[in-house]
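Working notes, structure below.
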Amino acid sequence: MKNSHIFKIDALVFSEEIIIKAIYSLNKEYVIEILKHESTFKIIISKEDQKPFKFPELKKLEHTLFKSLNDFKTRVIINDQTKNLRDLIIMKALFHFSEEDINFKEILND
Amino acid sequence: MKVPDYYLLPFNFDEFFSKEILVNLIGDFLIVKSGTAEIIVNRRLENYKLYKNLVSNHFISQKPESSIEILSTRYRTKKAFLEEFTSLHIIVITLRCNQSCSYCQVSSVNTDKTCYDIKIEDLKKAIEMIMAFPSKNLTIEFQGGEPLLAFDLVKFAIEYVESLNSSLFKNIRFVICSNSIAVNYEVLDYLKVHSVLLSTSLDGPESIHNKHRKHLSNDSYQVTVKGILLAKSCLGKENVSALMTTTSNSLHYPKLIIDEYRKLGFTNIFLREINPYGLASNWEYAYSTNDFIKFYKKAFNYILELNRIGETFIEDYASIILRKILTPFNSGFVDLQSPSGIINSVLVYNYDGYVYVSDEARMMAEKGDYKFRLGHVNDGIIKILKNDLVKEIAKYWSNESLSGCSDCVYNVYCGADPVRNYLKFGEMEGYRPDSDFCTKNKSIIKFLIKKSLNPEYYKIFQSWLSN
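Going line by line, the protein sequences match chains Z and A.
Its first residue numbered 1, the first sequence is counted upward by one per residue in my numbering.
Its first residue numbered 1, the second sequence is counted upward by one per residue in my numbering.
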């Protein structure tokens with residue numbers, strides 16, 4: 001049993017943005033530190049009361065963390081691929097531009 | 001059949017019981033197998049039927065530029081409340097009250113303290129400011145304390161609005177929030193002539209209502225019910241509504257509370273959690289959000305049963321959320337909006353002439369926190385709206401840009417509450433995992449979506465929305 005646990009994450013697979021989003025909810029129960037060394041992130045998680053982790057809790061935490069990382073990776077891809085479109089939709093919805101004012105294809109392909 | 005290449009359209013996803021829910025930018029949702037979002041994003045989609053479903057529901061597209069028109073039109077519809085700007089104006093006529101409720105959010109005063117009535121000059125200025133707003137449709141709501149204790153001021157306000165409106169031609173709805181105790185024929189005749197709606201408070205049957213709502217007669221329930229029935233007979237039942245406040249006492253009796261409303265001829269109820277303002281902020285009868293959610297679900301399931309056997313009885317909070325989920329429209333409910341309803345949809349003019357961003361903000365001021373005070377009615381509309389406080393709040397009033405909300409699959413059905421965040425966290429952004437607002441709304445939204453997947457309940461919900 002340990003008082004903190006280190007998860008090593010490949011920085012080529014999960015960016016810092018993804019990691020920060022993934023641990024956002026975990027901050028409620030745990031104290032979390034993120035360190036980067038070369039192409040690896042170390043996520044150091046300990047309990048607020050500094051007590052050691054029991055094995056089932058650690059397994060559950062690992063499952064939650066990696067599921068969250070994978071989900072946020074997918075979300076970041078969606079956001080990256082749809083950002084321009086999202087901005088266009090909102091612009092067109094809330095501002096009164098005509099079709100001629102905006103070159104949609106150019107912006108989408110940007 | 002092979003799935004063609006496609007582009008992604010904006011959407012979010014999350015686990016939904018043992019499956020996955022996808023929700024797009026305009027609130028359309030699909031329930032799919034777990035892992036579907038990842039398959040879509042990684043272009044591993046092989047199921048042609050699912051592909052067609054995703055295209056027709058605007059999650060993916062072969063030509064995204066062709067989706068822009070329809071998505072922007074529907075997005076504009078979802079945010080149509082912005083065009084109206086501030087359309088709900090709450091005037092606190094007096095802090096005097098003829099009741100003493102242990103969870104009072106207002107910190108009311110005794111009935112003889114007329115110094116807590118709004119001054120005529122401030123009332124006039126407030127009304128002139130209200131009528132200067134660009135909204136064509138206005139709701140002016142009189143609150144207190146108990147506004148009927150200063151009924152002359154209410155009458156003055158209504159008639160001044162009507163005189164100003166004779167050249168402005170706005171659609172004005174008046175509402176008076178009263179405990180119904182001071183209701184009489186004279187008051188009701190006036191309300192009827194001027195088409196004023198009456199919104200009253202009823203926590204449930206006698207034992208529940210009287211537990212926390214004290215009146216001199218020692219039977220608040222009896223005088224309240226007498227007032228409600230009189231009001232209904234004079235104004236018509238469609239012009240009288242009631243709100244309940246869930247107390248720790250209520251948690252065990254959801255059915256009794258609903259049956260009390262049915263007994264008095266109401267066909268709807270708003271299952272309302274107590275808000276942590278005023279006397280309720282340190283209330284010994286407080287309960288957890290999870291307790292409220294359990295109560296809500298029990299009560300709602302009972303309401304569904306009533307509807308199943310042929311009685312139309314609506315839960316108002318569900319109706320508000322279902323309108324966002326099942327229709328292209330928003331609900332106009334200022335507490336569940338993004339950008340949030342504060343300022344954008346509601347302003348409060350207090351008895352002392354000061355203007356606040358919301359009812360909760362003026363309740364905080366009663367406890368000495370003036371963080372959300374915009375100014376005084378004498379400052380004028382421009383100074384009230386164009387100040388640094390508004391700019392500061394604007395950074396936190398859209399859930400699309402808040403941590404924890406921006407990636408939430410339900411954010412299009414939800415809202416932002418900077419005032420509540422400030423109260424709980426000391427800052428307006430808040431931390432979602434500890435936010436009661438988030439816990440409650442996420443839980444109820446998820447619960448309602450699951451219910452709506454049942455065809456029988458879906459039909460009931462559609463009947464509520466067309467009611």
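Built from N, CA and C at the ideal position, the CB exists for glycine as well.
Quick caveat: nothing in here was measured; it's all calculated off a predicted structure.
Proximity test, Cβ basis, 8 Å: residue i and chain A
i             : result
Y24 (chain Z) : yes
A93 (chain Z) : yes
L88 (chain Z) : yes
L85 (chain Z) : yes
Q50 (chain Z) : no
T64 (chain Z) : no
I32 (chain Z) : no
K28 (chain Z) : yes
Status (buried if at least 16 other CB within 10 Å, exposed otherwise) for residue i
i              : result
I68 (chain A)  : buried
T312 (chain A) : exposed
T136 (chain Z) : Within the shown structure, residues of chain Z are numbered from 1 to 110, placing residue 136 (chain Z) beyond reach of any answer.
E20 (chain A)  : buried
N110 (chain A) : exposed
L322 (chain A) : buried
M1 (chain Z)   : Reliability of the predicted coordinates at M1 (chain Z) is poor, the pLDDT of 45 falling under 50, and no value is obtained from them.
F95 (chain Z)  : exposed
Q62 (chain A)  : exposed
I6 (chain Z)   : exposed
F169 (chain A) : exposed
M129 (chain A) : buried
C414 (chain A) : buried
H89 (chain A)  : buried
K36 (chain Z)  : exposed
K263 (chain A) : exposed
T267 (chain A) : exposed
Below-8 Å beta-carbon distance, residue i vs any chain Z residue
i              : result
Y75 (chain A)  : yes
R213 (chain A) : no
F11 (chain A)  : yes
E46 (chain A)  : no
V41 (chain A)  : yes
I68 (chain A)  : yes
S72 (chain A)  : yes
S199 (chain A) : no
E38 (chain A)  : yes
G404 (chain A) : yes
L8 (chain A)   : yes
L153 (chain A) : no
L88 (chain A)  : no
L385 (chain A) : no
L25 (chain A)  : yes
P64 (chain A)  : yes
D5 (chain A)   : no
K424 (chain A) : no
K395 (chain A) : no
P527 (chain A) : Not covered by the structure: residue 527 (chain A). The range shown for chain A is 1 to 467.
D407 (chain A) : yes
Distance between residue j and residue i (C-alpha atoms, nearest Å)
i              : j              : result
S452 (chain A) : I314 (chain A) : 15 Å
D49 (chain Z)  : I176 (chain A) : 51 Å
G490 (chain A) : N330 (chain A) : Chain A is shown from 1 up to 467; residue 490 (chain A) falls before or after that span and cannot be answered.
E83 (chain A)  : F133 (chain A) : 12 Å
S207 (chain A) : Y410 (chain A) : 38 Å
V470 (chain A) : N239 (chain A) : Because chain A here runs from 1 to 467, residue 470 (chain A) falls outside it and cannot be looked at.
F295 (chain A) : L306 (chain A) : 17 Å
D122 (chain A) : D352 (chain A) : 8 Å
I342 (chain A) : F55 (chain Z)  : 47 Å
I43 (chain Z)  : Y253 (chain A) : 47 Å
D189 (chain A) : E146 (chain A) : 18 Å
I393 (chain A) : K119 (chain A) : 29 Å
S340 (chain A) : W397 (chain A) : 5 Å
R44 (chain A)  : Y6 (chain A)   : 11 Å
T73 (chain A)  : K92 (chain Z)  : 8 Å
T40 (chain Z)  : A37 (chain A)  : 26 Å
C101 (chain A) : E141 (chain A) : 21 Å
S345 (chain A) : R76 (chain A)  : 16 Å
A150 (chain A) : I181 (chain A) : 13 Å
K113 (chain A) : L95 (chain A)  : 9 Å
contact_flag[the region 196-212 of chain A, the region 242-254 of chain A] where n(CB pairs < 8 Å) is 3 or more:
yes
Three or more C-beta pairs closer than 8 Å, one from the region 368-378 of chain A and one from the region 401-409 of chain A: is that the case here?
no
Across the region 327-338 of chain A and the region 380-388 of chain A, are there enough close Cβ pairs to call them in contact, namely three or more that are closer than 8 Å?
no
Decide if the region 42-53 of chain A is in contact with the region 81-92 of chain Z; the criterion is three or more beta carbon pairs, one per stretch, under 8 Å apart.
no
Is it the case that the region 58-69 of chain Z contacts the region 28-37 of chain A, given that we only count it when at least three CB pairs across the two stretches are under 8 Å?
no
Note down, one range per segment and in chain order, each beta strand (DSSP E) of at least 3 residues found wholly within the region 65-132 of chain A.
Taking only runs of at least 3 residues, the beta strand (DSSP E) segments lying wholly in the region 65-132 of chain A are 88-92.
Which full runs of the beta strand (DSSP E) of 3+ residues lie inside the region 225-272 of chain A, going along the chain?
240-243
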